[in-house]
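A.B. asks: Per our numbering, the sequence shown starts with residue 6, numbered consecutively. The C-beta atom is built at its ideal place from N, Cα and C for all residues, glycine as well. Only a predicted model underlies this, so the values are computations on that prediction, with no experimental measurement involved. I'd like to ask some things about the structure below.
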Amino acid sequence: MMANERKRVYAWEFPVRLTHWINVLCIIALSITGFYIGNP
């Protein structure tokens with residue numbers, strides 16, 4: 006095997022990564038709307 010050959014290995018499967026990124030976007034949206042409601 007060549008020294009520069011690499012195999013990509015994911016620690017998490019795609020559905021797990023997708024739900025984590027959806028959670029991140031939801032938290033950002035909730036933070037923005039929360040600040041807007043608190044300081045209109």
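1. State the Cα-Cα distance for the pair residue 35 and residue 28, rounded to the nearest angstrom.
2. To the nearest angstrom, how far is the alpha carbon of residue 43 from that of residue 25?
3. Would you say residue 19 reaches chain D, if we count a Cβ-Cβ gap shorter than 9 Å as a contact?
4. How is the alpha helix (DSSP H) around residue 34 delimited, first residue to last?
C.D. replies: According to the data block:
1. Numbered from 1 along the sequence shown, position 30 holds the residue referred to as residue 35. Numbered from 1 along the sequence shown, position 23 holds the residue referred to as residue 28. Distance between the alpha carbons of residue 35 and residue 28 is about 10 Å.
2. As a first step, residue 43 must be located in the sequence shown, where it is residue number 38. As a first step, residue 25 must be located in the sequence shown, where it is residue number 20. For residue 43 and residue 25, the distance between alpha carbons rounds to 27 Å.
3. Here there is only one protein chain, and chain D is not present.
4. In the sequence shown, counting from the first residue as 1, residue 34 sits at position 29. For residue 34, the enclosing alpha helix (DSSP H) covers residues 19 to 43.
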